[in-house]
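Encoded as C-alpha cells, the structure appears first; notes follow it.
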Amino acid sequence: MNRNLGKFLCRSLCGGVLGAAGLIGSNAVAATLDRPFFRAQSIVIVIGANDFSENGGVAPVAVDFNLLDNVAPATPAEDIIGIDGATVNFNSGQYNASSDGSGGGFEFNILNPTSGGVFNSAGPHQTLDENDSYTAFGLDDTTDIELVGGGRSSRFLVASNAPFDIYAQATDLVATGDFSTLDYSNIRYRFRMQVTGGSGVWRWGQRAQSPANGGGGIVGGINRLSNISAGPTKVFDGGRKTARIRGTLLQHAVGFQSRYNLRGAGGIINNYDFSMGTGELGATVTYTVYTP
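Per the working numbering, residue 633 is the first one in the sequence shown, and the count goes up by one each step.
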C-alpha cells in the first residue's frame, strides 16, 4: 500500500511539474520582447541650395537624402527629403545659390582692351543687369567683346557612405530671338569632379576620397547638352564612398561642377560674337543619384 501510494504521489508530482512547465512556456510567448540592432544603410547626401537665387535660395542646404538599399541597379535612389534643390557657386568665401537666368543677361568680357574694361558685378553671380558696371575702356583693332569666356558654371556637393552613380538629363529648351534656330547641341557641356575645394570654414573634402576609384568616374564623350537630352544619361560611374576618415558631412563631401559654353550655328563659333544678334538659349539640367 505504501508502495502504491509512493507510486501515486510520484505520478501526481511529475504531473504537477509538467503542468507548471507548460504554464511557464505559455507566459514566455506572451512576454514583452526587445531586439537591439544597428544597421547603417547606404546613404548619399546631396548638398546645394534650396532654390535659385532669384527665389531667395540659400546655401549650403542638404537637398537630397538618398537611400540606395533595396533599389535595383541603374535605378534612381529613394530620396526621402523629396524637394528639388538648385546648384551653387562658391565665391567671395561663401556658397551662393546659382541663378536661373531670369533676372538678367549674361556677363560679357572685354577682350584686349588697351585700358580699363573692368566688370563689377553686384550679383547674382554670372548675370548682367542695371546694377552692374564696367569701367571705360580703350580699344585698338584687336579689341572685342564676348560672353564670359569661362562659361556658365555651378556645382553641387555629394557625401556618401557607399558607391553611387549620377545621371543627368537636359530638358525644357528655350531658344528665342536670333537664337531661335539653336538647340541643345549649341550648349557645350563639361562635367567634372573636385575632391576638395572652398576655403575657411566652408572648405569641403578635407577628409574625403575620390568616389571614382573602382568605377569609371566621369563618363567620356559627353560634351554638349544634346548628348543628355534623350533621357537620363549616366555622367558619373562611382566605385566607392566619398568618406575617407571620420569627419563632418562637408569634410566627407566631394564637388561636382558643370560648365556650359555657347556654341554658334554649326558649332563653328565657340563663343558669342556680335553678328549672332540677341536672344536667349537655355535649358534645365536635372541631376539624379542612381544605385550602381
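Ideal Cβ positions, reconstructed from N, Cα and C, are used throughout, including at glycine.
Check	Outcome
I677 to Q883, Cα distance in whole Å?	13 Å
Can you give the beta carbon distance from V867 to I819, rounded, assuming they're within the 8 Å contact cut?	Between I819 and V867 the Cβ distance is about 15 Å, and since that is not below 8 Å, they are no contact.
Could you check where the alpha helix (DSSP H) with L814 kicks off and where it finishes?	From DSSP, L814 is part of no alpha helix (DSSP H); its letter is neither H nor E.
Buried or exposed for F788, going by 16 or more other Cβ atoms inside 10 Å?	buried
Does the distance from the C-beta atom of A791 to that of L881 stay below 8 Å?	yes
Tell me which residue opens and which closes the beta strand (DSSP E) that L805 is part of.	D797 to A807
Would you say the region 670-686 touches the region 728-741, given that touching needs at least three Cβ pairs under 8 Å?	yes
For A653, which of helix, strand or coil comes out of DSSP?	At A653 the pLDDT is 49, less than 50, meaning the model places this residue with poor confidence and gives no usable figure here.
Should G848 go down as buried or exposed, given a rule of 16 or more other Cβ atoms within 10 Å for buried?	exposed
Measuring only the C-alpha atoms, how far is S858 from N893?	13 Å
T774 to N744, Cα distance in whole Å?	6 Å
Which class does V693 belong to by DSSP, given the choice of helix, strand or coil?	strand
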